[in-house]
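Since the structure comes first, as C-alpha cells, the remarks are kept for the end.
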Amino acid sequence: MRIYVSHCYCGDPENIEKAKKITHDLQVKDPENCYICPLIAFSHLGYNEIGYEEEIALCLDLLSVSDMLIVASEVSEGVQVEIDLAKKLKNADGEPMEVVYLEH
C-alpha cells in the first residue's frame, strides 16, 4: 500500500523534522508498505513559494494515488483539506479511504 502521512507545516521548519522522524519510524517498522509525506516530498519548495492553492493541489494529487491517510499531527487547515478528500476517495474495495490518527 501507499500510505500518505499528513503533518501540519504552517511555515515551521521544525514540523518538517517531526514529519521526517514519524515517516522514517513508520517506514522502518513496516517495510512492506510505502510511506510518503508531502512535507518531505515537496521540501524543495519554500513555504508558500508557488502559493497555497498550488501547493495543496500537489499534496491532494499525491493523496489521490494513495491507499490510506495517516494524520500525524494536530489538524491544521491543510491537514483538514486532506482528511476531507480522503473521506471522498474510495479504495480498491469501493470503501472510503481509511484515515488513521496517530497520537502526538
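Quick note on numbering: my numbering labels position 45 of the sequence shown as 33, and the sequence is numbered without any gaps.
Even glycine gets a Cβ: it sits at the ideal position worked out from N, Cα and C.
Nearest neighbour of residue i, chosen from the options [CA to CA]
| i | options | result |
| --- | --- | --- |
| D81 | V69, D55 and E70 | D55 |
| M85 | E65, V63 and S52 | S52 |
| K75 | V63, E65, L57 and E2 | L57 |
Chain-order list of residues whose beta-carbon lies under 8 Å from that of residue i (same chain, five-residue window excluded)
| i | result |
| --- | --- |
| Y35 | Y(-3) and G(-1) |
| I4 | Y(-3), L27, I28 and S31 |
| E83 | none |
Cβ distance (whole Å) where residue i is taken to contact residue j below 8 Å
| i | j | result |
| --- | --- | --- |
| Y89 | V59 | 5 Å |
| E41 | L33 | In fact, because the Cβ distance is near 13 Å, the residues do not count as touching under 8 Å. |
Those residues which DSSP pairs with residue i across a bridge
| i | result |
| --- | --- |
| K78 | P84 |
| S(-6) | V59 |
### Message
Check whether the segment 17 to 25 and the segment -11 to 9 are in contact - that is, three or more C-beta pairs closer than 8 Å.
### Response
yes
### Message
Whether or not the segment 4 to 13 and the segment 70 to 81 are in contact is what I'm after, with contact meaning three or more pairs of Cβ atoms, one per stretch, closer than 8 Å; do they touch?
### Response
no
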